[in-house]
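A.B. asks: Residue numbers (the numbering used here): 241 to 562. Note that CB positions come from ideal geometry on N, CA and C, so glycine has one too. As the structure is a prediction and not an experimental result, all values here were calculated from the model.
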Ligand code: NDP
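#1: What's the gap between the Cα of residue 349 and the Cα of residue 290?
#2: Pairs of beta-carbons, one from the stretch 263-280 and one from the stretch 296-315, closer than 8 Å: are there three or more?
#3: For residue 430, count the other beta carbons within 10 Å of its own beta carbon; 16 or more makes it buried, fewer makes it exposed. Which is it?
#4: Quick test of the definition: if touching needs 3 or more C-beta pairs under 8 Å, does the stretch 455-466 touch the stretch 380-398?
#5: Using a Cβ-Cβ cutoff of less than 6 Å, which residues in the same chain neighbour residue 293 once the five nearest sequence positions on both sides are dropped?
#6: Check whether the stretch 345-359 and the stretch 500-507 touch, using three or more Cβ-Cβ pairs below 8 Å as the test.
#7: Short of 6 Å in beta carbon distance, which residues of its chain neighbour residue 222, apart from the five on each side in sequence? Order them along the chain.
#8: For the stretch 278-341, which segments carrying the alpha helix (DSSP H) assignment without a break, of at least 4 residues, lie completely within its bounds, in sequence order?
#9: Here's the rule I'm using: 16 or more other beta-carbon atoms within 10 Å means buried, otherwise exposed. How should residue 259 be labelled?
#10: Does the Cβ-Cβ distance between residue 219 and residue 251 come in under 9 Å?
#11: Could you compute how far the alpha carbon of residue 416 sits from the alpha carbon of residue 395?
#12: Using the C-alpha atoms, what's the distance from residue 279 back to residue 549?
#13: Strictly by DSSP, which residues pair up with residue 557?
#14: Are the beta-carbon atoms belonging to residue 427 and residue 411 less than 9 Å from one another?
#15: Note down the Cα distance separating residue 389 from residue 296, rounded to an integer number of angstroms.
#16: Can at least three beta-carbon pairs, one atom from the stretch 479-495 and one from the stretch 314-327, be found at a separation below 8 Å?
#17: Given this structure, state the Cα-to-Cα distance separating residue 496 from residue 342, to the nearest angstrom.
#18: So if DSSP puts residue 242 in a beta bridge, which residue, or which two residues, is it bridged to?
#19: Flag residue 360 as yes when its Cβ comes closer than 8 Å to any non-hydrogen atom of the ligand NDP, and as no otherwise.
#20: Ordered along the chain, which non-local residues of its own chain (more than five positions away) have a Cβ less than 6 Å from that of residue 547?
#21: The ligand NDP heavy atoms versus the CB of residue 503: any closer than 8 Å?
#22: Opposite residue 276 in the DSSP bridges: which residues?
#23: With a threshold of 6 Å on Cβ separation, who are the neighbours of residue 255 within its own chain once the five nearest residues in sequence on each side are excluded?
#24: Please confirm whether residue 334 and residue 538 have their CB atoms less than 9 Å apart.
#25: Going by C-alpha to C-alpha distance, which of 479, 392, 512 and 372 sits closest to residue 470?
#26: Just the Cα atoms here: how many angstroms apart are residue 568 and residue 392?
#27: State the DSSP-derived secondary structure class of residue 372, mapped to helix, strand or coil.
#28: Output the distance between the C-alpha atoms of residue 366 and residue 529, rounded to the nearest integer angstrom.
#29: Compute the distance between the beta-carbons of residue 337 and residue 317, then report whether it is under 9 Å.
#30: Who are residue 449's beta bridge partners in DSSP?
#31: Say the cut is 8 Å; is the CB of residue 533 nearer than that to a heavy atom of the ligand NDP?
#32: Enumerate, from N- to C-terminal direction, the unbroken alpha helix (DSSP H) stretches of 4 or more residues contained entirely within the stretch 388-473.
#33: Would you mind stating whether residue 375 and residue 438 have Cβ atoms separated by less than 9 Å?
#34: Among the residues of its own chain, which have a CB less than 7 Å from the CB of residue 332, if the five just before and after it don't count?
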């Protein structure tokens, strides 16, 4: 099979197209022929070596496709079933093996590309909006990178829950997309001090929660945007890692909370995985969650996909098509 392999960590150029042997499913596993795989920022962290993986490895951890073979005890599925998954490494390829209990059925009316676009970022938006800080109607919330993959989905979910959504983006084009997704106010954080603007927009009060995936360049401003006892959900570091910081700031800024959540802990059980993916894929099927899939690349162009994602050139979902 054709696959992208990383033999040494580094820049986008380390993503190399190779001919590798197709993996075989072991006990409780399935082999899936991949029809679309998701590109996520976490793939960049693994490629750079910010997150460790044994070399060489096939990057990627989100895909959708058709079950091609089942290993022993691969219960509950049959060859030909359409499935999607995330959080299992090795998806930048024509085939991948995954544990059967990490696969979810793709509902009728949802394409493989839509499923691959919705799983990781959709369930992330879901846990952030419903669990990390369960949004209540009337809450003011701040979502950074509102035109990004997670951003566009989180805006839609926060609006469904009745929040007033303030979001940040880098360009006018991205601002238009965030507004179309339902954002009430958009701040161009590349041009103005977003924390001061948030205070202005909220009459000095600040927001109940900041969803911050940008990290290094936004962390300070995110803390400064919160109301007393507000929560900063730092769920990524697209601009770099946040340096160590003095916890006393949480006290002096108003008894604040900070959490650093990650998806795997919010789909820790099979029941939770099915519930979150069922909601997300169900909303996609009903047309109640809009996906933006404008960036599709052939598998061989994985390096370009990474360059564009890191270069802030993408909006919504980035897919590789084997
Ligand atoms: P996005 O599509 O959101 O792309 C990242 C965006 O971040 C860019 O488009 C850009 O938007 C913004 N950004 C701001 N500063 C920079 C910078 N210096 N370099 C690059 N981008 C910058 O990506 P994803 O939706 O895939 O992921 C968003 C974030 O969420 C990532 O940090 C990712 O790690 C995290 N994540 C965390 C999960 C978790 O469970 N903890 C799960 C899924 C994702 P703009 O141009 O508008 O500033």
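C.D. replies: Put simply:
#1: Residue 349 and residue 290 have their C-alpha atoms spaced approximately 38 Å apart.
#2: Contact holds: three or more Cβ-Cβ distances are below 8 Å.
#3: Looking at its Cβ environment, which holds fewer than 16 other Cβ atoms inside 10 Å, residue 430 is exposed.
#4: Contact between the stretch 455-466 and the stretch 380-398 is present: three or more C-beta pairs spanning the two stretches fall below 8 Å.
#5: Its chain contains 286 as the residues whose beta carbon lies nearer than 6 Å to that of residue 293, once the 5 sequence neighbours on both sides are disregarded; these appear in chain order.
#6: Output reads no: the stretch 500-507 does not touch the stretch 345-359.
#7: Lying before the first or after the last residue shown, residue 222 is absent from the chain, which here runs from 241 to 562.
#8: Listed in chain order, they are 281-288.
#9: Classification for residue 259: exposed.
#10: Residue 219 is absent from the structure shown; the chain starts at 241 and stops at 562.
#11: Rounded to whole angstroms, residue 416 to residue 395 spans 13 Å at the Cα level.
#12: Approximately 9 Å, taken between the alpha carbons.
#13: The partner list for residue 557 (beta bridge, DSSP) reads 533.
#14: The answer is no: Cβ separation not under 9 Å.
#15: Spanning the two alpha carbons is a distance of roughly 28 Å.
#16: No: fewer than three Cβ pairs fall under 8 Å.
#17: When rounded, the separation of the alpha-carbon atoms in residue 496 and residue 342 is 35 Å.
#18: Residue 242 pairs with 259.
#19: Yes.
#20: Excluding sequence neighbours, residue 547 sits near 252.
#21: True, at least one ligand heavy atom lies under 8 Å from that Cβ.
#22: According to DSSP, residue 276 shares a beta bridge with 304.
#23: Taking C-beta separations shorter than 6 Å and ignoring five residues to either side along the sequence, the partners of residue 255 in its chain run 244, 542 and 543, following chain order.
#24: In this structure, residue 538 does not lie closer than 9 Å to residue 334 by Cβ.
#25: For residue 470, the closest alpha carbon among the candidates 479, 392, 512 and 372 is that of 372.
#26: Summary: the structure shown does not reach residue 568, with the chain confined to residues 241 through 562, and so no result is reported for it.
#27: Correct three-state label for residue 372: helix.
#28: The C-alpha of residue 529 is placed about 11 Å away from the C-alpha of residue 366.
#29: Between residue 337 and residue 317, the gap from beta carbon to beta carbon reaches 9 Å or more.
#30: Beta-bridge analysis with DSSP links residue 449 to 381 and 471.
#31: No, the beta carbon of residue 533 sits no closer than 8 Å to any heavy atom of the ligand NDP.
#32: Counting only runs of 4 or more, we get 389-400, 412-420, 434-441 and 459-464.
#33: Result no, Cβ atoms of residue 375 and residue 438 do not sit closer than 9 Å.
#34: If you ignore the 5 residues before and after residue 332, its C-beta comes within less than 7 Å of the C-beta of 243, 244, 277, 298, 299, 300, 539, 542 and 560, all in its own chain and listed in chain order.
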